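K.L.:
As given, the protein sequences belong to chains A and B, one line each in that order. Position one of the first sequence corresponds to residue 622 (my numbering), numbered consecutively onward. Position one of the second sequence corresponds to residue 622 (my numbering), numbered consecutively onward. Beta carbons are placed, not taken as given, at the ideal position from N, Cα and C, and that holds for glycine. In this text the structure is predicted, and so the values were computed from the model without any measurement.
Protein chains: 2
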Amino acid sequence: MRQVGADGLEFVRALQAVVGSRAVGLREPVFGGNEKRYLQECIDTGYVSSTGPFVARFENDLADYAAAHNVIAVVNGTAALHLALVALGIKPGDEVIVPALTFVATANAVAMAGAVPHFVDVSWETWGISAEKLRSYLSELLQQRDGSFFNRKTGRPVTAVVPMHTLGFLADADGVAEVAKEFGLALVEDAAEALGSFVGGVHAGLAGQAGVFSFNGNKTITTGGGGAIITRDSSLAKRIRHLATTAKLPHRYEFEHDIVGYNYRMPNLNAALGVAQLEQLPAFLERQRTLHLIYAEALDSLEMGFSASERPGTVSNYWLQAFVLDSNCAESKNAIIETCLDNEIAVRPLWKPLNRLAAHHSSPSDDTPVADELYSRVICLPSSPKLAS
Amino acid sequence: MRQVGADGLEFVRALQAVVGSRAVGLREPVFGGNEKRYLQECIDTGYVSSTGPFVARFENDLADYAAAHNVIAVVNGTAALHLALVALGIKPGDEVIVPALTFVATANAVAMAGAVPHFVDVSWETWGISAEKLRSYLSELLQQRDGSFFNRKTGRPVTAVVPMHTLGFLADADGVAEVAKEFGLALVEDAAEALGSFVGGVHAGLAGQAGVFSFNGNKTITTGGGGAIITRDSSLAKRIRHLATTAKLPHRYEFEHDIVGYNYRMPNLNAALGVAQLEQLPAFLERQRTLHLIYAEALDSLEMGFSASERPGTVSNYWLQAFVLDSNCAESKNAIIETCLDNEIAVRPLWKPLNRLAAHHSSPSDDTPVADELYSRVICLPSSPKLAS
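1) For chain A, find out if any of its Cβ atoms is closer than 7 Å to the Cβ of residue 732 of chain B; answer yes or no.
2) Within the 7 Å Cβ cut-off, does residue 1000 of chain B reach chain A?
3) Around the Cβ of residue 830 of chain B, are there at least 16 other Cβ atoms within 10 angstroms (buried) or fewer (exposed)?
4) Give me the chain A residues within the contact set of residue 969 of chain B, using Cβ-Cβ distance strictly less than 9 Å, ordered along the chain.
5) For residue 949 of chain A, is the classification buried or exposed, using 16 other Cβ atoms within 10 angstroms of its Cβ as the cut-off for buried?
6) Within a Cβ cutoff of 8 Å, which residues of the same chain sit near residue 678 of chain A, ignoring the five residues on either side of it in sequence?
7) Please classify residue 680 of chain A as buried or exposed, where buried requires at least 16 other C-beta atoms within 10 Å of its C-beta.
8) Taking 7 Å as the limit between beta carbons, can you name the residues of its chain near residue 633 of chain B, skipping five residues before and five after?
9) When the Cα atoms are used, what is the spatial distance from residue 1015 of chain B to residue 631 of chain B?
10) Going by DSSP in three states, residue 1004 of chain B sits in which element: helix, strand or coil?
11) Three-state secondary structure (DSSP) at residue 719 of chain B?
12) What's the C-alpha gap between residue 1021 of chain B and residue 727 of chain A?
13) Quick one, which of B/957, B/929 and B/810 has its alpha-carbon nearest residue 718 of chain B's?
14) Among residues of its own chain, excluding the 5 on either side of residue 1041 of chain A, which ones have a beta-carbon nearer than 8 Å to its beta-carbon?
15) If you measure between the beta carbons of residue 707 of chain B and residue 689 of chain B, is that distance less than 7 Å?
16) Keeping to the same chain, check which residues put their C-beta closer than 8 Å to that of residue 804 of chain B; ignore five residues upstream and five downstream.
17) Cα separation between residue 614 of chain B and residue 674 of chain B?
18) Verify the CB distance criterion: does residue 746 of chain B have a CB-CB separation below 7 Å to chain A?
19) Residue 858 of chain A: which of A/877, A/983 and A/695 sits nearest, CA to CA?
20) In angstroms with no decimal places, state the Cα-to-Cα distance between residue 637 of chain B and residue 890 of chain A.
21) Excluding the 5 residues flanking residue 870 of chain B on each side, which residues of the same chain have their C-beta closer than 8 Å to its C-beta?
22) At the level of alpha carbons, what is the spacing between residue 865 of chain A and residue 952 of chain A?
23) Could you pull out every residue in the same chain whose Cβ sits closer than 6 Å to the Cβ of residue 754 of chain B, ignoring the five residues on either side in sequence?
24) List in chain order: all unbroken alpha helix (DSSP H) runs of 4+ residues lying wholly within the region 883-967 of chain A.
25) Taking the Cβ atom as the reference point for each residue, do residue 1001 of chain B and residue 941 of chain B lie within a distance shorter than 7 Å?
26) Closest by CA to residue 773 of chain B, which one among B/749, B/823, B/792 and B/716?
27) Using the Cα positions of residue 742 of chain B and residue 854 of chain B, report the straight-line distance between them to the nearest angstrom.
28) If you draw a straight line from the alpha carbon of residue 856 of chain A to that of residue 902 of chain A, how long is it in whole angstroms?
29) Measuring CB to CB, does residue 654 of chain A end up less than 7 Å from residue 900 of chain A?
30) Is there a Cβ from chain A that is less than 7 Å from the Cβ of residue 867 of chain B?
31) Let me know the beta strand (DSSP E) ranges lying completely inside the region 828-869 of chain B, each 3 residues or longer, listed in chain order.
32) What residues in its chain sit with their C-beta under 7 Å from that of residue 752 of chain B, if we drop five residues either side in the sequence?
33) Please name the residues in the region 641-672 of chain A whose beta-carbon is closer than 7 Å to at least one beta-carbon of chain B, in chain order.
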């Protein structure tokens, strides 16, 4: 029997009631503030590159917003993750626990540190790593030796865990942080999508040693390309800054570098855009929240599924709106997506779980039934804040 | 006996005759064209990030200028080097030949690929790797086995060489390319400083498989932060593009990635600046050349040394003006630099040879008498094109 709505036409009509009948992108940035003014200021002053006042201003504004003590702005979210891992001592040959359901950059950053991503499942409740399942998985998997924990199967040390806040919904990073402590793991939160998301009043990214954001063009705020690391640990922040600027030692004129460093600092030009965008963040977040309510009203009555929403005690930024198909509609997912695209409505599935990708196929992985099922049932919807204005 | 001019005052007076008596930076960018207009266009169209017309336009304009068949714009010069090395198959545990006299990023990019930089000396004639000395060094050092060449001392395969064009002066990349062929090495030219430099009418960066540029704020043209890879090899270019964009396979909506990739593409915002800057490149180069002549006239009569100039058959971009102290003045180098800085004239020495740095101290190295001597005798001078206008 053919499923009701399986051809996607009903879904498209419901979407069009929200987004209109013209072509609509998945996420377009909104430039409604001081963007032009600050960019002009860069040109007028000559500061476009690694020095210039907007970088510090962006970092300070972000530190204030997130109540993070230290912010280091870098070229993108992948660089932020890579740098945080290196600064925390993650070395070639280590294994780093990563959720199977995330953008591939989470695992690529681990590989850039020379380490091996080790995939675990996510939970239905949070769409992120479950602390309980992680604890029982690691208890089975790891063996303590000389104060470190090793994977019994591969013999490699497991040294970090990177929970990720899927689409802005909060993973249980505090729970994961407890597990991390038990097994001596560094914790870096991949909050690339979670600027403006809070748990118990605390901004995403502050549960462990470091958290990272992305300011790519499709994010809640954009710097063109950009990312940042936040941390409460000032000595870690100092180490990260040092690593981000080729590990150059302070000297009036000599070029001394004490360790292998990177060229990862955000240019002043991009930070200028970021300062202007950050001024509008509360307005963007309000619209993203409103858009969620509009979608819920338009789509949940279709009886094909439900609009994903924040769990109690958390505030999601609703960065990317997501509709979860009922399990009996899951096999129509691709047909629905294709009908939307045929009608110039930009939708997309979640990422294919990373343990299923050729790029990371040889990496160790737990079974990932929840990641697989979420992938099979979720459609991400047009999410530009302007759709709610 | 105290050296004439050893306190640097004479040198400062001669410099002030060129740069004036106000504070002067080492290199400040000139924004005299369409910079503001193109940046505004980014904001008006909403394209600031990884998609947008300025990236392709910048790449095409640069390909035209350098007569390079393929250009891939990336986030910075370090990323460009790293990406070129990875795309050419350089693997963890390989050794890569790098000149001792270069900015530390050349060696850091090798380390980012998991490989080990192996330092060689430069020549007085070119300030870059000497083909003859490299041939005789490698003939001694390398041992052929199963079609590859291994370092007899470390047992590691030596798989690439990265000649660098110091300050825009041309290394003998063609000669090095011949040696590279003899020993099966990939050749990536570090032309970070050499946009606008030519040898025999051919732009720097085209002697081997790939060449890289930097567009940092201190370079001849700037994109804020940025870099590019040029190559005549279209299939290599395709591989580089793929690696630069998380190795995502083309698909209407699925996220498939076949290998570990990077997030290295230049944002449209930065490319917009680059397009405007590239339009002014001929004017910048003319001023840089004029400035060299002005310095030569002002400084060479001091009888403390000479202004470095291009060797026959090559065209230098004169990116950074350099004065070579006579060997009997070398011990006054730091005093002269400090007197200049005290007088708010931004000068600097060359980079401390990389084999002398803590960051790369454990890497293999040949003896580097020429790099050491150049480091002991060269002072880089204020080089902003506007100083010659």
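P.N.:
According to the structure data:
1) yes
2) no
3) buried
4) Neighbours of residue 969 of chain B on chain A, chain order: 874, 875 and 876.
5) exposed
6) 892 and 896
7) buried
8) 960, 961, 964 and 966
9) Residue 1015 of chain B lies beyond the stretch modelled for chain B, which goes from 622 to 1010, so this question has no answer here.
10) coil
11) strand
12) In the structure displayed, chain B extends from 622 to 1010; residue 1021 of chain B sits before or after that span and is not available.
13) Comparing Cα-Cα distances from residue 718 of chain B to each of B/957, B/929 and B/810, the minimum goes to B/810.
14) For chain A, the structure presents residues 622 to 1010; residue 1041 of chain A sits outside this window and is missing.
15) no
16) Excluding residues within five positions, the ones whose Cβ falls inside 8 Å are 759, 763, 770 and 779.
17) Given that chain B is displayed from residue 622 to residue 1010, the structure contains no residue 614 of chain B and the question cannot be resolved.
18) no
19) Comparing Cα-Cα distances from residue 858 of chain A to each of A/877, A/983 and A/695, the minimum goes to A/695.
20) 31 Å
21) 877, 878 and 879
22) Rounded to the nearest whole angstrom, the C-alpha separation of residue 865 of chain A and residue 952 of chain A is 46 Å.
23) none
24) 889-900, 902-920 and 954-963
25) yes
26) Considering only alpha carbons, the answer is B/716.
27) Taking the straight line joining both Cα atoms gives about 29 Å.
28) 29 Å
29) yes
30) yes
31) 831-835 and 848-852
32) 793, 796, 797, 799 and 800
33) 649, 650, 652, 656, 657, 660, 661, 664, 667, 669, 670 and 671
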